[in-house]
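To keep things clear, I will list the structure first and then write my remarks on it.
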Amino acid sequence: MEKSIGVVGGDLRIIKLIEMLTSDGYKVYTYGLENSEELLNIDGVEMCPTIDEAVKYSKVVIGPIPLSSDRKNISAPFGRNKLSIEDFVKALKGKYLIAGNIGIKEELDNNKVQYTDLLKREEFTVLNTIATAEGTIQIAMEETQRTVHGTKVLVMGFGRIGKVLAKMLDGIGADVYCEARKNEDIAWIKAYGYNSIHLNNLDEHLEKFDIIINTIPFQILDSDRLDLLKKDVVIIDLASNPGGVDRKAAREKDLKVIWALSLPGKVAPLTSAEFIKETLYHVLKEL
Numbered sequence: 072m073e074k075s076i077g078v079v080g081g082d083l084r085i086i087k088l089i090e091m092l093t094s095d096g097y098k099v100y101t102y103g104l105e106n107s108e109e110l111l112n113i114d115g116v117e118m119c120p121t122i123d124e125a126v127k128y129s130k131v132v133i134g135p136i137p138l139s140s141d142r143k144n145i146s147a148p149f150g151r152n153k154l155s156i157e158d159f160v161k162a163l164k165g166k167y168l169i170a171g172n173i174g175i176k177e178e179l180d181n182n183k184v185q186y187t188d189l190l191k192r193e194e195f196t197v198l199n200t201i202a203t204a205e206g207t208i209q210i211a212m213e214e215t216q217r218t219v220h221g222t223k224v225l226v227m228g229f230g231r232i233g234k235v236l237a238k239m240l241d242g243i244g245a246d247v248y249c250e251a252r253k254n255e256d257i258a259w260i261k262a263y264g265y266n267s268i269h270l271n272n273l274d275e276h277l278e279k280f281d282i283i284i285n286t287i288p289f290q291i292l293d294s295d296r297l298d299l300l301k302k303d304v305v306i307i308d309l310a311s312n313p314g315g316v317d318r319k320a321a322r323e324k325d326l327k328v329i330w331a332l333s334l335p336g337k338v339a340p341l342t343s344a345e346f347i348k349e350t351l352y353h354v355l356k357e358l
């Protein structure tokens, strides 16, 4: 019996994943990837003219990471036409969706669509932080005129990404400070040997940093806090929409802010695709 799977939208990670799936014997039906030249000559890939055609041959459909960047349309940078979330969900009725940062639980539930959010799978998110951290350090090196070695770097948030970032930055000689609001996180920051800053005391430290990396999905760096920064500071915001920085205020103050979303798909699409595939197969076994 033919193994088939539907794939709708996505970035270069998803294209690399499709290549891997066809190598494993899958027939892949796609929509929203029409402008990908890589997929044109791959046996086992069927580019479908409609979303309904792409999803009808399989019970499982793979979507992008993130599912949507604007909360209106599916993320499909290689697609010819926009695909609204509403039309996407209608086409998925009775299917099983595997995507990342899904964020439309009510719509899916109303249309009887079961789903797995890859970014809530521990095995995927932990591995994914590696590419995110490497990509962030690459940006820091490109956007500052200093070496990262010896530079005072603030990592805001001590979750998965914050932990991996701090370790890598420390490994290349940065003077690493980590901000957190939980006392237990402050204790771990001290245990790892980094400089710790509690959120309540953040303001009194902000003026010292050359690079600030935010991982917190809430606006921490508001207009008042931006006034406390060095004028040549480089701010890299990794947080999903709306981000952790008042970008409008930053522009008005002529501060450099890089909002770096979906870094794994940009800096390490092949490795990221391997992580997606590994997690995908875990999910399929569980189903």
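Residues 72 to 358 in the working numbering are what the sequence shown spells out, letter by letter. Glycine is no exception: its CB is placed at the ideal position from the N, C-alpha and C atoms.
Asked	Found
Between the CA atoms of H269 and S343 - distance to the nearest angstrom	33 angstroms
The alpha helix (DSSP H) enclosing N266, as first and last residue numbers	No alpha helix (DSSP H) contains N266, which is instead part of the beta strand (DSSP E) from 266-269.
The segment 213-227 in contact with the segment 278-295 per 3-pair CB rule at 8 angstroms	yes
Rounded straight-line distance, which links the Cα of C249 to that of D17	Within the shown structure, residues of the chain are numbered from 72 to 358, placing residue 17 beyond reach of any answer.
CB of V116 within 7 angstroms of CB of A162, strictly	no
Status (buried if at least 16 other CB within 10 Å, exposed otherwise) for L358	exposed
Within 7 angstroms, strictly: CB atoms of G150 and G103	yes
Cβ neighbour criterion (16 or more within 10 Å) applied to V197	exposed
Completely contained alpha helix (DSSP H) runs for the segment 115-144, where each covers 4 or more residues	122-126
Assigned secondary structure, L168 (DSSP; H/G/I helix, E/B strand, else coil)	strand
Secondary structure of S155, DSSP reduced to three states	strand
Closest residue to S107 among K98, I232, K87 (Cα-Cα distance)	K87
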